[in-house]
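So for the sequence shown, my numbering puts the first residue at 305; every next one is plus one.
All C-beta atoms in this analysis are idealised placements derived from N, C-alpha and C, irrespective of residue type, glycine included.
Owing to the predicted nature of the structure, the values given are computational and were not obtained by experimental measurement.
One structure is given here, and the rest of the page talks about it.
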Amino acid sequence: MTVLALDVGGTKIAAGVIDDHGEVLRYATRPTPLTDLDHTWAALMDAAREALDGREVDGVGVACAGPVDSGFGTVSPINVPCWQDFPLITRLRAAFPNVAVELAGDGVCMALGEHWMGAGRGADFLVGLVVSTGVGGGLVLHGRPYGGRTGNAGHIGHIVAEPDGLPCSCGGRGCVETVAGGPHLVHWARQRGWRAPDNADAAHLAAAALTGDEIAQTAFDRAGRAVGMAIAATAALCDLDLAVVGGGIAQAGDLLLDPIRQALDDHARLSYVRNLRVVPAELSAHAGLVGAAALVIRS
Ligand SMILES: [Zn+2]
């Protein structure tokens, strides 16, 4: 069985042809047009055509930045403003008649991808996190993707970390994303005197932390603790055995993972969460695509 997997994010659109061993056979990307809904759709179809290269597939699985509405098959990604209540499933069914089309949020797909082929193999109750520009996540419970009522469950980046914190992209305030999301991390460090070129990003901040810059180290410590507290809360609520942490900020490795584990030591104390493991993701950029394929292949 081969499946066309699609992953729509605020920066790029990815398409892959994936077989039932989770192998990515062909892969294509396009930048995401953000201002014209038809251009965004055209970019998605363009990436799909390049990945397919004339091949027939047995289904289409799509991961989309949230929020999604899995019941109506529509998507309204915060970071793709021209797609509001965009009927993605209807469009895809018209473009790919006669095959199954499945949709889930990108966080759910990341968690499912890691569960199927990555760091989450063998764990049946896990949260997957993408710590990047934003902080996303998704749940796999009983070995199955869990989207909740509308497909958005597990969005761990919008658990509140600081009640009086900064405004968040979601419209709320003080979410984990406002502490651990890349731009926020850099902004926090700059405000406290971290000196870096104007175009410096979280990767520069990680490099500074590794060479002993105390402000940079404190920024990662603060981010890791916020993420760790959110994982502790999620584990207490959902009775998990594993958290898989991926995304650009997670490339910083132990800079982020150590304070996450410290926060779990401090806050995850009940018997059923004390042995929760936190591991880095293994599938990197392909996790969402592999998870989107799994929506079809493992349904
Ligand atoms: Zn938020």
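Contact test: residue i Cβ vs ligand 1 heavy atom, cutoff 7 angstroms
| i | result |
| --- | --- |
| GLY476 | yes |
| CYS472 | yes |
| GLU481 | yes |
| HIS462 | yes |
Proximity below 8 angstroms, CB of residue i to CB of residue j
| i | j | result |
| --- | --- | --- |
| LEU489 | LEU509 | yes |
| GLY595 | ALA367 | yes |
| VAL464 | CYS474 | no |
| LEU580 | GLY532 | no |
| ALA585 | ALA398 | no |
| VAL372 | VAL364 | no |
| LEU338 | PRO385 | yes |
| SER374 | ALA427 | no |
| VAL434 | GLY551 | yes |
| ALA547 | VAL582 | yes |
| GLY441 | HIS459 | yes |
Residues of its chain near residue i, where Cβ-Cβ distance is below 8 angstroms and the 5 sequence neighbours each way are ignored
| i | result |
| --- | --- |
| ALA559 | The sequence as given places Leu at residue 559; Ala does not occur at that position. Only ALA510, ALA513, LEU514, GLN521, PHE524 and GLY528 meet the Cβ criterion. |
| CYS542 | PHE429, VAL431, LEU443 and LEU445 |
| PRO335 | THR315, LYS316, ILE317 and ALA347 |
| GLY476 | HIS462 and VAL464 |
Secondary structure of residue i, DSSP reduced to three states
| i | result |
| --- | --- |
| ARG397 | helix |
| VAL403 | coil |
| THR378 | strand |
| GLY365 | strand |
| CYS386 | coil |
| ASP570 | helix |
| ILE317 | strand |
| VAL435 | strand |
| VAL480 | coil |
| ASP502 | coil |
| VAL372 | strand |
| ARG581 | strand |
| ARG529 | helix |
| THR344 | helix |
| ILE322 | strand |
| GLY604 | Only positions 305 to 603 of the chain appear in the structure, and residue 604 is not among them; the question remains open. |
Same chain only: Cβ atoms within 6 angstroms of residue i, ignoring 5 sequence neighbours per side
| i | result |
| --- | --- |
| ALA504 | none |
| ARG496 | ILE519 |
Chain-order list of residues whose beta-carbon lies under 7 angstroms from that of residue i (same chain, five-residue window excluded)
| i | result |
| --- | --- |
| GLY377 | PRO391, LEU392, ILE393, THR394 and LEU407 |
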